[in-house]
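Chemist: Residue numbers (our numbering), protein chains in the order written: chain A, -12 to 509; chain B, 25 to 360.
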């Protein structure tokens, strides 16, 4: 348990992705089975056992401590799990429990047996380990690392492609002995057979001007690029799943889609909120994301559907080696045959040359369209982001001139730089109101300039945030403007980034809120 | 019946004043006669007329503030050498806090008071270990006066640092550490554990390290980090003041792992908010268990708390039938 607790603490505090991967890899390489497998399951959120409520643990701790001391400590520390861990009497014994023992005991325990188990373990562990134990048992394990990072670490450890692990993943069970044995070259690669596993998706590159000049348009097909979330629908005789493109299982959040998946196939498409065939803005879909339980009224208010554009498996048949044109024919035939509810096909857009395509892209002002997809008709379905077969051609960004209001220091390599910027525009009564936050788009030289400017023009400090003189204007690029109550202005920008600094422009000439409101398309 | 110490030892805005000896202990403002427990700047302030302290504390004061500001007249007193000042007998006893740190033992009309200054009970190769002295009144700090503060063994914390250095050999580990005491304790403990690579220190730490060497504390090869090439610092250990590690000074380092050695690192939010990647719970102050153990060992029926989180400590002492009082002296810092 100690090694796992150390790992969690370092993951929580490590700012850089590569550091987290290195920490995970060192842990998976150095720890024995089944401990490392249970740790992986904890990170993946794949463990289920009888837990305990934070209030029950608080009662345990309060029974062992003076009430005033507990209150003073909790006020100071601020986090209940941490307070309990630190104030618990004693500093541990020579034989703290191992992670697998904890998991096995919890799996076999009735709900009312958990507190007794817990107090024995808290006695045996040192304070740092207790924090991990409490977080694990109360289900509040915020790991600071995603399953994706763990999979990248496993791929490095085994010298395999991460897509191979993704593809196996949903066919595996904790503590993943089979997986580790394959990665260490001691066993066969696990075979998911017909279990409803995720298949690595094919991704597109953004197309640049020079790419467009070289493209053979006769060999390419065009589709709209929809502003939803990319999903993979997997239905086999063994189960049904809805995955994001990063292999997160989101089946539970979209029950109506699962209900419509009465077929045997793997499909690629865009999840959208649709009302009477019309796609709603992305902000509507955001209402549905990240929810574990969905009420019927919520389902009716934000009805979802999937716009399909590819087929990976038809029954048990793997179609990925087929070229796009052949898969498209199979998709259309499959759709005609199955007619699933809450699904339609993303149409192919006929065109002949670049000017016609450019006109289509420029003409698409509908909020649900982000731009165009260009796919080679003769390419198989390839995992990852191969350069050449698929391109995305996003609409030109919208832009506005906004004034820097607040700045915050970044993380990791940028931790000594003010690199996160909140900017605003003028409202009707001449106040500056924030509309967004940008973290990217500037060059290294611009970052150094901004950092110095911010330090020299600070007017107030709020913890890590500095308020600055309202003098510096940015040209901010973004994909769309939406109504939102996140900022005082009532609007929010999608994918804001800094296009350039406008040191030439007086702040009074920055854009007005009414201009931003005029850019909202619904 | 001897007079109660409250009649001759008084908290004043200038600091704790001993009337029968006419001196202040760790005065917060400039005074005629000062007895200084240790060299930290909140306890050893410049400009007093007469200063009494251990030879090491006086030397460290001269290093940090210059000979002319470290007291017009300086008088060194060794540990366990009683000295009568006015009507009171003064003895200095090791406090274990930093090199030269002393508790001030005051004997007056058969009553013994111990003013402990800052102290710790954990081992420290650079400081003489704390000695509990039986007394009638014990004056204590309470920097870590909450039961959540329990410092783990230093070796375990330093092993986490060395483990991280082995895991990320291409990065520079920069440890935020107080410049007097903590910095040298970390270096000396690492040297005892067999770490023999050069250790780089921020310019602000260099003079104090040299003063420690001159006072007989071996620190091995110390190099200035400020002038070192970025490439030389790959895989190296750098010690710097806490304020420097996450700000512009640290840009000279190669992809640094930002570490911090402080008792406050026990609380994760402190580490997270400070941008600390590797917190090391290493303190030169007594933790909660050691505060209580020390008070018990002095057998004092009365305790005064100079500064820190006194509420919890006073609550516990009162429950134990010990008279406890908060002095709430303003000017001593919680930094370490």
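The beta carbon of each residue, even a glycine, is placed where N, CA and C say it ideally should be.
State the CB to CB distance for the pair residue 173 of chain B and residue 50 of chain B, rounded to an integer number of angstroms; the pair is presumed to be in contact (CB under 8 Å).
Modeler: Not a contact, Cβ separation roughly 22 Å.
Chemist: Given this structure, state the Cα-to-Cα distance separating residue 120 of chain A from residue 351 of chain B, to the nearest angstrom.
Modeler: 40 Å
Chemist: Is the beta carbon of residue 29 of chain B sitting closer than 9 Å to the one on residue 137 of chain B?
Modeler: It is a contact, given that the beta carbons lie within the stated cut-off.
Chemist: Along the region 62 to 77 of chain A, where does the CB come closer than 8 Å to a CB of chain B? Name the residues.
Modeler: Taking 8 Å as the upper bound on Cβ-Cβ separation, chain B lies near residues 63, 64, 65, 66, 69, 70, 73 and 74 of the region 62 to 77 of chain A.
Chemist: Identify whether residue 131 of chain B lies in helix, strand or coil by the three-state DSSP scheme.
Modeler: strand
Chemist: May I have the straight-line CA-CA distance separating residue 390 of chain A from residue 468 of chain A, to the nearest angstrom?
Modeler: 17 Å
Chemist: Could you work out which residue in B:273, B:53 and B:81 is closest to residue 70 of chain B when comparing CA atoms only?
Modeler: B:53
Chemist: Have a look at residue 26 of chain B and residue 163 of chain B and give me their C-alpha separation to the nearest angstrom.
Modeler: 19 Å
Chemist: Since residue 290 of chain A and residue 261 of chain A are thought to touch, with beta carbons under 8 Å apart, how far apart are those beta carbons, to the nearest angstrom?
Modeler: 6 Å
Chemist: Take the Cβ of residue 362 of chain A as the centre, count every other Cβ of all protein chains shown within 10 Å, and call the residue buried at 16 or more, exposed below.
Modeler: It is buried - the Cβ of residue 362 of chain A has at least 16 other Cβ atoms within 10 Å.
Chemist: Looking at the secondary structure, which residues open and close the beta strand (DSSP E) in which residue 248 of chain A lies?
Modeler: Neither: residue 248 of chain A is in no beta strand (DSSP E) and is coded neither H nor E.
Chemist: Candidates B:278, B:275, B:279 and B:302: which alpha carbon is nearest residue 288 of chain B's?
Modeler: B:302
Chemist: Rank B:33, B:31, B:40 and B:32 by C-alpha distance to the C-alpha of residue 331 of chain B and give the top, closest one.
Modeler: B:40
Chemist: What three-state label does DSSP hand residue 34 of chain B in the structure shown?
Modeler: Strand.
Chemist: Which partner residues of residue 192 of chain A appear in the DSSP bridge assignment?
Modeler: A:378
Chemist: List, in chain order, every chain B residue whose beta-carbon is nearer than 8 Å to that of residue 56 of chain A.
Modeler: 170, 171, 336, 339 and 340
Chemist: In or out: residue 55 of chain A buried (at least 16 other Cβ within 10 Å) or exposed?
Modeler: exposed
Chemist: Given a cut-off of 9 Å, decide if residue 228 of chain A and residue 185 of chain A are closer than it, judged by their beta-carbon atoms.
Modeler: yes
Chemist: According to DSSP, what are the bridge partners of residue 328 of chain B?
Modeler: DSSP output for residue 328 of chain B lists B:163 and B:349 as bridge partner(s).
Chemist: Determine whether the beta carbon atoms of residue 217 of chain A and residue 257 of chain A lie at a separation below 9 Å.
Modeler: Against a cut-off of 9 Å, the Cβ pair of residue 257 of chain A and residue 217 of chain A comes out as a contact.
Chemist: Which partner residues of residue 407 of chain A appear in the DSSP bridge assignment?
Modeler: A:395
Chemist: Under 8 Å between beta-carbons, which chain A residues line up against residue 299 of chain B? List them in chain order, please.
Modeler: Against residue 299 of chain B, the close residues of chain A are 2, 396, 398 and 402, in the order they occur along the chain (beta-carbon pairs closer than 8 Å).
Chemist: Quick one: using the 10 Å Cβ neighbour count with 16 as the cut-off for buried, is residue 301 of chain A buried or exposed?
Modeler: Buried: at least 16 other Cβ atoms inside 10 Å.
Chemist: Taking only three categories from DSSP, how would you classify residue 109 of chain B?
Modeler: strand
Chemist: I want to know whether the region 170 to 187 of chain B touches the region 59 to 75 of chain A - three or more CB-CB distances under 8 Å.
Modeler: When C-beta atoms of the region 170 to 187 of chain B are compared with those of the region 59 to 75 of chain A, three or more pairs fall below 8 Å, so the two segments count as touching.
Chemist: How many Å lie between residue 344 of chain A and residue 199 of chain A at the Cα?
Modeler: 11 Å
Chemist: Is residue 305 of chain A helix, strand or coil by DSSP?
Modeler: strand
Chemist: Which runs of the alpha helix (DSSP H) at least 4 residues long sit entirely within the region 317 to 378 of chain A? Give them in chain order.
Modeler: 341 to 350
Chemist: Would you identify the three-state DSSP class for residue 423 of chain A, choosing helix, strand or coil?
Modeler: strand
Chemist: Does the beta carbon of residue 118 of chain A come closer than 9 Å to any beta carbon on chain B?
Modeler: yes
Chemist: Would you list, in chain order, the members of the region 6 to 19 of chain A that have their beta-carbon closer than 7 Å to a beta-carbon of chain B?
Modeler: Residues 9 and 13.
Chemist: Looking only at DSSP bridge pairs, what is residue 42 of chain B linked to?
Modeler: B:33 and B:47
Chemist: Give the list of continuous alpha helix (DSSP H) stretches no shorter than 4 residues that lie fully inside the region 185 to 233 of chain A.
Modeler: Unbroken alpha helix (DSSP H) stretches of 4 residues or longer found wholly inside the region 185 to 233 of chain A: 196 to 201, given in chain order.
Chemist: Assign residue 303 of chain A to one of two classes, buried (16 or more other C-beta atoms within 10 Å of its C-beta) or exposed (fewer than that).
Modeler: With fewer than 16 Cβ atoms within 10 Å of its Cβ, residue 303 of chain A is classed as exposed.
Chemist: For residue 239 of chain B and residue 79 of chain B, what's the separation of their Cα atoms in angstroms?
Modeler: 9 Å
Chemist: Enumerate in chain order the residues of its own chain whose CB-to-CB distance from residue 311 of chain A is below 6 Å, with the five nearest sequence positions on each side excluded.
Modeler: 362, 364 and 366
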